Structures are given as C-alpha cells and as structure tokens.
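J.:
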Amino acid sequence: MVSFVISRRRLMLAAAVAPTANISGATCAKAPPVVRNSGAYRFHVGDIQATVLSDGLISGPPSVYASDAPEAELHEVLRRAFLPTDALTLNLNTLLIETGGRRILLEAGAGQTMGPNGGRLFANLQTIGLRPEDIDAVVISHTHPDHIGNLRNADGGKAFPRATVYMPEADWAFFIRGEPDLSYLPVSADFRQRFAAAIKRSVEPVAADVELYRAGAEIVPGLATLPALGHTPGMAAFLVHSGSDQLLLTADLAYHPVVNVDRPWRPGPDRDKDTALQSRRRIFDRAVADKLLVLGFHYPFPGLGRMLKTEAGYAWVPANRQF
Ligand SMILES: [Zn+2]
Numbered sequence: 091m092v093s094f095v096i097s098r099r100r101l102m103l104a105a106a107v108a109p110t111a112n113i114s115g116a117t118c119a120k121a122p123p124v125v126r127n128s129g130a131y132r133f134h135v136g137d138i139q140a141t142v143l144s145d146g147l148i149s150g151p152p153s154v155y156a157s158d159a160p161e162a163e164l165h166e167v168l169r170r171a172f173l174p175t176d177a178l179t180l181n182l183n184t185l186l187i188e189t190g191g192r193r194i195l196l197e198a199g200a201g202q203t204m205g206p207n208g209g210r211l212f213a214n215l216q217t218i219g220l221r222p223e224d225i226d227a228v229v230i231s232h233t234h235p236d237h238i239g240n241l242r243n244a245d246g247g248k249a250f251p252r253a254t255v256y257m258p259e260a261d262w263a264f265f266i267r268g269e270p271d272l273s274y275l276p277v278s279a280d281f282r283q284r285f286a287a288a289i290k291r292s293v294e295p296v297a298a299d300v301e302l303y304r305a306g307a308e309i310v311p312g313l314a315t316l317p318a319l320g321h322t323p324g325m326a327a328f329l330v331h332s333g334s335d336q337l338l339l340t341a342d343l344a345y346h347p348v349v350n351v352d353r354p355w356r357p358g359p360d361r362d363k364d365t366a367l368q369s370r371r372r373i374f375d376r377a378v379a380d381k382l383l384v385l386g387f388h389y390p391f392p393g394l395g396r397m398l399k400t401e402a403g404y405a406w407v408p409a410n411r412q413f
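Using my numbering, the first residue of the sequence shown is number 91, and each one after it goes up by one.
1) Grab me the residues of Ala402's own chain with a C-beta within less than 6 Å of its C-beta, minus the 5 sequence neighbours each way, in chain order.
2) How far does the beta strand (DSSP E) with Ser332 in it reach, from first residue to last?
3) Run through the DSSP bridge pairs and tell me what Ser149 is partnered with.
4) First and last residue of the beta strand (DSSP E) that includes Ile309?
5) Return the chain-ordered ranges of every alpha helix (DSSP H) run that is complete within the segment 345–390 and spans a minimum of 4 residues.
6) Is it the case that the segment 188–200 contacts the segment 230–247, given that we only count it when at least three CB pairs across the two stretches are under 8 Å?
7) Pull up the distance between the alpha-carbon of Leu241 and that of Glu301, whole angstroms please.
8) Are the Cβ atoms of Leu343 and Ala318 separated by less than 8 Å?
9) Would you say the beta carbon of His237 comes nearer than 7 Å to a heavy atom of ligand 1?
10) Taking only heavy atoms of ligand 1 into account, decide whether any of them is closer than 7 Å to the Cβ of Asp342.
11) Phe133 bridges to which residues according to DSSP?
12) Between the Cα of Pro359 and the Cα atoms of Val142, Phe281, Leu394, which residue gives the shortest distance?
13) Can you list the alpha helix (DSSP H) stretches of 4 or more residues lying completely in the segment 176–258, in chain order?
14) Just tell me which of Lys290, Met257, Arg221 has its CA closest to the CA of Ile266.
15) Is it true that the CB of Val142 sits closer than 8 Å to the CB of Ser332?
16) Along the beta strand (DSSP E) that carries Asp335, what are the first and last residues, could you check?
17) Could you name each continuous alpha helix (DSSP H) segment of 4 residues or more that falls completely within the segment 269–309, going from the start of the chain to the end?
18) Between His388 and ligand 1, is the CB less than 7 Å from at least one heavy atom?
19) Please name the residue or residues paired with Gly395 in a DSSP beta bridge.
20) Tell me whether Pro174 is buried or exposed, calling it buried when 16 or more other Cβ atoms sit within 10 Å of its Cβ.
21) Express the C-alpha separation of Val293 and Thr203 in angstroms, rounding to a whole number.
22) Quick check on the DSSP output: the alpha helix (DSSP H) that includes Leu164 runs from which residue to which?
23) Go through its chain and collect everything with a Cβ distance to Ala287's Cβ below 6 Å, but skip five positions before and after it.
24) Less than 8 Å between the CB atoms is what I'm expecting for Leu394 and Leu383, so what's the real figure, rounded?
25) Tell me which residue opens and which closes the beta strand (DSSP E) that Ala314 is part of.
26) Could you tell me the alpha carbon to alpha carbon distance between Val255 and Ala121, rounded to whole angstroms?
27) Taking 7 Å as the line, does the beta carbon of His234 fall inside it for any heavy atom of ligand 1?
28) Whole angstroms are fine: how far does the CA of Pro347 sit from the CA of Ser132?
29) With DSSP collapsed to three states, give me the class of Asp261.
30) Beta-carbon separation of Thr189 and Ile138 under 8 Å?
31) For the putative contact between Gly129 and Asn214, defined by C-beta atoms under 8 Å, what is the C-beta separation to the nearest angstrom?
32) Alpha carbon to alpha carbon, how far is Asp271 from Ala279? Give it in angstroms, no decimals.
33) Out of curiosity, what's the CA-to-CA distance linking Val407 and Glu308?
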C-alpha cells in the first residue's frame with residue numbers, strides 16, 4: 091500500500107521550490123536570478139590545457155597609457171571606439187596552463203594594489219574547481235603591482251602556499267633590492283611612492299625562495315620567455331608551445347589594443363621608451379609573421395586575438411569565442 095505520509099521537512103522543501111503564487115493563483119512578480127558572467131575561459135595550446143582567469147579590472151587616465159598621443163586625437167580615437175575619454179579600463183587576464191602534471195599561473199594579477207576592482211582571481215580559480223594550494227608555479231613577466239599583487243594574502247603570507255614563484259632578475263634588482271627612481275612614471279609623486287611600496291609589500295612573502303630568471307630562459311618544457319625589455323629592465327613576453335601550436339603573451343608591450351596596437355602610441359610607464367618600442371615592434375612583427383594567437387594581459391577579456399600588419403603599424407583582430 092502506498093503511504094501518503096509526507097514529512098514536515100519535505101513539505102517545507104516543496105514550498106520552497108513551488109512558484110510564488112497568491113491566493114487567487116496569480117504569480118507574484120519576482121526578481122530575475124542574478125547571472126554573473128564567467129571570468130574563466132578555457133582553450134588548448136596543442137596538448138596544454140589553458141585557462142584565462144580574470145583578476146578583474148584597473149583603470150586610469152588614458153594619457154598615461156598613450157603618453158605621446160595628442161590629447162584631441164586620443165579623445166577622438168577613444169570616442170570612435172565607443173570608449174570613455176576620462177578613464178581607460180584595463181583587464182587583468184592571468185593565464186593558467188596545465189602541462190606535465192603541473193599547474194602554472196602566468197602573472198599573479200593586481201589584487202587590491204591598484205584599486206578595488208582587482209582580486210577576482212581566487213573566485214575564478216574556484217569556478218574551475220581549484221584552490222590556491224593547487225598551483226605549482228607562478229611566473230611573472232615584470233614586477234609591477236598589477237602583475238604581482240595577489241602573491242600576498244590578507245594575513246601577509248603566501249597566497250599560493252605551494253608555488254615556486256619566478257621573476258625576472260633585472261626587475262628584482264631594480265624594484266626590490268634597490269630604491270628605484272620612478273620619476274619617469276607619468277603620475278603624482280604620491281602615486282609613485284605607493285606604487286613602489288606595493289611592489290615591495292607584494293613580494294615580501296615569497297622573497298626568501300623566489301626563483302630569478304633571465305628573459306630568454308625556458309621555465310618548463312612548453313613555456314619559453316622572450317626578452318621584451320624597456321617597459322621595465324627585465325620584462326619578458328611568454329611563448330606557450332606544444333607541437334605546432336603556439337600562444338604568445340605580450341605582457342605590457344601594449345595596454346589597450348585601441349591605443350597601443352591599432353594606434354602606435356607609447357605606454358607612459360615604459361621606463362626606457364626606445365628599447366620598449368623596439369621590443370614591441372620585434373615581438374609584434376613575429377606575431378604577424380607567424381600568425382600567432384596572442385593573449386594581451388590588459389586587453390578586453392579574454393584578451394585573445396591576432397595581429398595584422400597595416401600601413402600605420404598593426405591591427406588587433408579578436409579571436410572568435412569557443413564554446
Ligand atoms: Zn600591467
């Protein structure tokens with residue numbers, strides 16, 4: 091015989107999932123569920139599983155990112171690209187690669203060092219089922235705060251407790267061992283001071299066991315570093331490769347494709363502007379010649395696309411999304 095005894099708990103559950111209706115049977119208006127966009131984007135480079143993990147956003151005056159642009163022309167270019175002229179928003183696209191049984195994060199992201207909209211990396215890591223202790227290595231292109239901020243957790247300890255952290259030797263010497271002269275940065279003296287302090291603070295927990303590398307080194311099989319000097323004394327671009335597949339990460343050779351790729355303007359924070367320009371041209375030319383898939387750390391998420399040569403320089407062509 092079928093029992094019709096229903097527990098109180100079941101009744102409550104049934105009430106919780108039933109559509110909200112009033113006594114006349116009409117359904118009440120209900121707020122739609124909040125659907126958040128994913129900050130994780132998966133793809134493959136040959137046999138290597140790659141995932142862009144967003145750490146969120148930073149922003150600043152457009153003239154900082156396009157330091158030699160005439161103001162009226164810069165504003166016109168931004169307006170034509172449907173972008174505001176008072177602040178340029180930059181993404182923070184870190185990349186997780188899984189290869190040879192190791193999980194390697196390329197760039198740590200800003201955390202809270204450059205404003206309140208960074209620090210989303212850990213939530214995005216969680217959405218793909220990983221915790222900070224699952225990361226085996228973190229490889230940094232250059233030691234600006236937006237690339238290293240997440241190395242330190244809220245308690246001042248290592249945010250990635252098991253990870254070996256790799257940083258360019260020349261950046262370590264300039265920003266961390268020394269008292270860097272940052273007068274070249276097109277920002278206030280106060281900002282410069284906070285910028286320098288954020289760098290030293292972020293690397294404190296990993297300073298005792300950091301691995302320093304020289305751009306040009308192969309960090310692990312499948313991950314090469316390419317000299318991209320100028321923005322900082324030691325900046326590296328990354329080349330992830332597997333079989334005939336390659337992915338080029340351009341670090342901060344350009345901040346935003348609209349002002350630094352489609353237009354030739356130079357990032358203000360480039361310390362040695364001529365060397366930075368040579369690096370940009372050399373590496374962008376390689377991207378064009380080899381038709382490489384490119385990931386821009388600061389480009390609109392997920393930051394993947396290709397470069398074309400144009401009469402004026404280059405053009406950015408975003409990659410089609412894979413579902
Ligand atoms: Zn950056």
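No residue lacks a Cβ here, since even glycine has one placed at the ideal position from N, Cα and C.
Note that this is a predicted model, so its numbers are computed, not measured.
T.: Let's see:
1) none
2) 326–332
3) Thr179
4) Residues 308–310.
5) 347–350, 363–379
6) The segment 188–200 and the segment 230–247 touch, with three or more beta-carbon pairs separated by less than 8 Å.
7) Cα-Cα distance, rounded: 14 Å.
8) yes
9) yes
10) yes
11) Ala140
12) Phe281
13) 211–217, 235–238
14) The shortest C-alpha separation from Ile266 is found at Lys290.
15) No, they are not a contact pair.
16) 335–339
17) 279–293
18) yes
19) Val384, Pro408
20) exposed
21) 12 Å
22) 161–170
23) none
24) 6 Å
25) 313–317
26) 45 Å
27) Yes, the beta carbon of His234 sits closer than 7 Å to at least one heavy atom of ligand 1.
28) Sequence inspection shows Arg at residue 132; the Ser mentioned does not correspond to that position. Those two C-alpha atoms are separated by around 22 Å.
29) Helix, per DSSP.
30) yes
31) 4 Å
32) The straight-line gap from Cα to Cα measures roughly 11 Å.
33) 28 Å
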